[in-house]
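Numbering of the sequence shown is given in the working numbering, commencing with residue 65 and proceeding in unit increments.
What follows is a short report on a single structure.
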Amino acid sequence: MSCLGLAFAALAAQAQGSYVIEGSVGEAPKGTVVLLFRDEGTMGKLIAKDTLRAGKFRFEGETIGDGTDNLSLATQYGDTGSMCLRVYVRPGSHVKITSDDMFVYTWNVESDVPEQLEAQKLIDPVRDLWREVQRIDYDEESVKAQLKAKGLAKEEKSRLKAQRDSLKKASRKLNEEIVLRESKAMADILVSEQWMLNLLNNAYMAKRSEREDVKNCVKELYDTLPEKWRNTPYGREAGAVIYPPVQARAGDVIEDCELYDIDGNVHHLSDFRGKYVLMDFWSYGCGACKMAIPELKEVAEMYKDSVAVISMSLDNDKMWREATDVYGVTGNNLNERKGRSGLAAKFDILAIPLFVLLSPQGTFIEKWAGYGKGDLKERVAKLFSSK
């Protein structure tokens with residue numbers, strides 16, 4: 065094809081919003097699958113997969129709109145999965161990925177998308193540490209698989225458990241070193257959306273650490289942020305993690321707050337006083353959240369005179385609207401528009417779906433994370449049977 069022909073082809077691809085992601089990686093177990101996800105709320109939706117052949121994979125797709133699409137890559141072999149690598153694409157993007165190993169999070173990405181360039185710049189100072197974290201993760205998965213074997217002798221089981229615990233400890237220490245080293249590097253890098261995402265991730269890692277120096281280095285980064293960055297979604301959530309509000313305890317009155325419906329109308333938590341309130345904090349892309357919706361509707365109907373069920377989205381308006389249509393959310397479908405930094409932060413939300421139960425007087429009764437079929441009806445029935 066002539067240069068002119070190539071130019072027209074590139075323009076056509078850009079107009080169609082198409083992208084290409086192709087990779088060449090080191091030796092992998094036969095049958096290893098590369099998975100491609102699109103970010104949806106706080107989760108990722110699987111949109112394509114390709115089995116590695118001679119270490120190569122390829123994806124072609126269409127972007128949503130003409131901006132930047134947030135995608136992620138991961139690998140799966142049997143029951144073993146990898147960490148995810150963020151890949152940013154725009155209309156016309158041709159992303160090339162190379163590596164000598166299967167440590168996905170630290171694969172090299174060749175791209176001209178600004179967000180990708182920022183991501184590569186931020187990971188470079190800690191790439192070696194992340195490679196070691198992934199190696200330990202693979203070893204830990206191997207040990208877990210061995211522990212599932214039947215007929216293990218008591219001594220062998222004890223040995224494997226000790227090995228698993230040692231690997232967990234090593235991984236935790238590495239994560240703490242990543243926070244320290246990356247925070248030092250970030251202090252000299254211009255703040256961007258990707259920078260803020262890294263700050264948020266480091267805030268969560270620091271929260272799980274017992275080391276004050278790890279916690280303090282993240283606090284120092286956050287404290288230097290201009291107000292405009294603190295008021296972004298990542299900034300607000302990071303602030304709630306680094307400087308968490310007082311956590312709700314059983315018997316505490318939950319302060320009133322403004323809640324928005326899908327049409328933008330304002331409601332208040334206090335509007336539901338006089339009934340028990342069952343709040344479901346959920347997000348698009350969360351499989352367990354979707355599974356809970358039919359049972360939430362059943363509970364809302366069964367106890368309509370005494371229980372108000374509130375579906376509390378943690379997503380931005382765009383994702384919330386799409387999820388509402390796809391999941392068929394009805395009833396009190398509300399959003400504080402503060403993600404995990406508002407009301408959710410009072411309940412130390414780390415996993416979703418998170419269910420919160422309030423009394424008719426607006427006091428906190430209990431919370432629990434995760435969903436199992438029949439669990440919601442059982443808990444609400446137990447609430448009334450105890451009276």
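In this text, a Cβ means the ideal position worked out from N, Cα and C, and glycines have one as well.
Roughly how many angstroms separate the alpha carbons of C353 and W384, rounded to a whole number?
13 Å
What does the Cβ neighbour count give for A356, buried or exposed, with the cut at 16 atoms within 10 Å?
buried
Based on the DSSP output, what are the partners of S82 in its beta bridges?
E126, per the DSSP bridge assignment.
I need the DSSP call for K402, collapsed to helix, strand or coil.
coil
Would the beta-carbon of L333 fall within 8 Å of that of F419?
no
Give the straight-line distance between the Cα atoms of E322 and I374, rounded to the nearest whole angstrom.
13 Å
Extract the residue ranges of the beta strand (DSSP E) inside the segment 123-176, only unbroken runs of 3 or more that lie entirely within it.
Restricting attention to beta strand (DSSP E) runs no shorter than 3 residues, the segment 123-176 encloses them at 133-141, 149-153, 158-162 and 172-174, ordered along the chain.
Output the distance between the C-alpha atoms of A76 and I413, rounded to the nearest integer angstrom.
With a pLDDT of only 39 at A76, under the threshold of 50, the placement of this residue in the model should not be trusted; the figure read from the coordinates follows. Whole-angstrom Cα-Cα distance: 45 Å.
How is the beta strand (DSSP E) around L323 delimited, first residue to last?
E322 to Y324
How would you write the range of the beta strand (DSSP E) that F462 sits in, first residue to last?
Nothing can be reported for residue 462: it is not among the residues displayed for the chain, which extend from 65 to 451.
Could you spell out the range, first to last residue, of the alpha helix (DSSP H) harbouring F448?
D439 to S449
With a CB to CB cut of under 6 Å and the five nearest residues on each side skipped, what residues in its chain are close to Y391?
K354 and I357
Could you tell me how far apart the beta carbons of M107 and Y435 are, in whole angstroms, since I believe they sit closer than 8 Å?
At roughly 14 Å, the Cβ-Cβ gap does not stay under 8 Å, so M107 and Y435 are not in contact.
Look at the Cβ atom of L99, then the Cβ atom of L116, and state whether they are nearer than 8 Å.
no
Could you give the uninterrupted runs of the alpha helix (DSSP H) lying entirely in the segment 278-311, keeping only those of 4 residues or more?
The segment 278-311 is shown to contain whole alpha helix (DSSP H) runs of 4 or more residues at 291-294 and 297-306, in chain order.
Suppose you measure from the CA of E204 to the CA of K232; what does that come to, to the nearest Å?
Those two C-alpha atoms are separated by around 8 Å.
So what's A209 in DSSP terms, helix, strand or just coil?
helix
Excluding the 5 residues flanking Y286 on each side, which residues of the same chain have their C-beta closer than 7 Å to its C-beta?
L263, A302, G303 and I306
Measure the beta-carbon distance from A312 to F411 and round it to whole angstroms, keeping in mind my assumption that it falls under 8 Å.
6 Å
Are three or more beta carbon pairs between the segment 131-146 and the segment 164-182 nearer than 8 Å?
yes
Indicate whether the contact test is met: 3 or more Cβ pairs, each with one atom in the segment 193-204 and one in the segment 268-280, closer than 8 Å.
no
What runs of the beta strand (DSSP E), each 3 residues or longer, lie entirely inside the segment 225-272?
none
Can you tell me which of F101, Q140 and T162 puts its alpha carbon nearest to the alpha carbon of G87?
T162
Would you list the one or two residues that DSSP bridges to L99?
In the DSSP assignment, L99 forms a beta bridge with K113 and A138.
Helix, strand or coil: which one does DSSP assign to L407?
Reduced to three states, the DSSP call for L407 is helix.
Is S66 helix, strand or coil by DSSP?
Confidence at S66 is low in this model, with a pLDDT of 36, below 50, so the placement of that residue is unreliable and no value is reported for it.
Which same chain residues end up closer than 8 Å to P417 when comparing Cβ atoms and leaving out the 5 residues on each side of it in sequence?
D344, F345, W346, C350, A352, C353, A356, A433, G434 and Y435
Grab me the residues of A445's own chain with a C-beta within less than 7 Å of its C-beta, minus the 5 sequence neighbours each way, in chain order.
Shown here for A445: not one same chain residue has a beta carbon closer than 7 Å to its own, the five before and five after excluded.
Measure the C-alpha to C-alpha separation of Q258 and E442 and round it to an integer number of angstroms.
Those two C-alpha atoms are separated by around 43 Å.
Can you list, in chain order, the residues of its chain whose CB lies under 6 Å from that of V89, leaving out five sequence neighbours each side?
G119 and S163
To the nearest whole angstrom, what separates the beta carbons of L440 and V363, a pair I think is in contact under 8 Å?
5 Å
Does the distance from the CB of M366 to the CB of L398 come in under 8 Å?
no
Could you name the residues of the same chain whose beta carbon sits closer than 6 Å to that of N134, not counting the 5 residues immediately before and after it, in chain order?
Sequence-distant partners of N134 (beyond 5 residues in either direction) whose C-beta falls short of 6 Å from its own C-beta, in its chain, are D103.
Work out the CA separation of L407 and K337 for me, nearest whole Å.
Contrary to the premise, residue 337 reads as Arg rather than Lys in this sequence. Each residue's alpha carbon lies about 17 Å from the other.
So who's on the other strand from G87, going by DSSP bridges?
F121 and I161
Could you check the C-alpha separation between L224 and A234 for me, to the nearest Å?
In this model, L224 and A234 are separated by some 15 Å (Cα to Cα).
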